[in-house]
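Report on the following structure.
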Amino acid sequence: MRREDLYQQAKESLCDVGVERFNEAHRELLYHILLLQEHLEAVLTLDDQTLDWKLVDQSIDFLETYTLEHLKAEEVLMVASHYAGYAEHKAEHEKLIVDFLEIKGRIMASRKKEDVSELKDFLLGWLFKHTSCTDMEYKGKLDLSLV
Ligand code: FEA
């Protein structure tokens, strides 16, 4: 299935967390995880040495930067809204960052397609689980006048 079709289908499964800016960020993250998957699939027949690591690295860098910005934006709004679940939610974000950086470090050090595949699966799983459970808990509890 083409990335665009896959994206259109998968984005329907993302939950509405009640803050349009965050819904947009979740869709953007999904799109870029699928892009990473595409870069990976395009070079699946190549060996680890001939794989175009530049494209993969760009994709990972974008995901890292965008994810960090998104998590920070949620945290800022949770604090400003005096959201009771802030500490727990932030701890989940911090765990994601640690796990993300651990897999990224492995990719940089060993340049193995399997690690990129693991990162893609990890981020996809995390995005759907976190947005449908933890992010949904703040729905209706944040001060939208501050967005
Ligand atoms: Fe609490 Fe939003 O974070 N979703 N992501 N990633």
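Counting in my numbering, the sequence shown runs from 1 upward without gaps. Ideal placement from N, C-alpha and C gives every residue a C-beta, glycine not left out.
Relative to the non-hydrogen atoms of ligand 1, the Cβ of Asp5 never comes closer than 7 Å to any of them.
Close CB contacts of Leu30 within its chain, under the 7 Å cut and outside five residues either way in sequence, are with Tyr7, Ala10, Lys11, Leu14 and Leu127 (chain order).
For Phe62, same chain residues with a beta-carbon under 7 Å away, outside a window of 5 residues either side, are His32 in chain order. The stretch 133-145 makes contact with the stretch 75-92: 3 or more CB pairs, one atom from each, lie closer than 8 Å. Placement of the Cβ of Leu29 at a distance of less than 7 Å from at least one heavy atom of ligand 1 is found.
Between Phe122 and Glu64 the beta-carbon gap is near 13 Å, outside 8 Å, which marks them as no contact. Judged by DSSP secondary structure, Lys120 falls within the alpha helix (DSSP H) whose first and last residues are Lys113 to Ser132.
Inter-residue distance for Cys133 and Asn23 is about 14 Å (C-alpha atoms, whole angstroms).
The Cβ atoms of Ile60 and Leu40 lie no closer than 8 Å to each other. Listed in chain order, the non-local C-beta contacts of Ala25 below 6 Å within the same chain comprise His70, local neighbours out to five positions each way being set aside.
For Ala84 and Glu75, the gap between their C-alpha atoms comes out near 12 Å.
Between the C-alpha atoms of Leu119 and Ala87 there is a straight-line separation of about 26 Å.
In the three-state reduction of the DSSP assignment, Lys141 falls in the coil class.
In this structure, the C-beta of Asp121 stays at least 7 Å away from each heavy atom of ligand 1. Contact between Tyr66 and Glu38 does not hold, since the beta-carbon distance rounds to 17 Å and is not under 8 Å.
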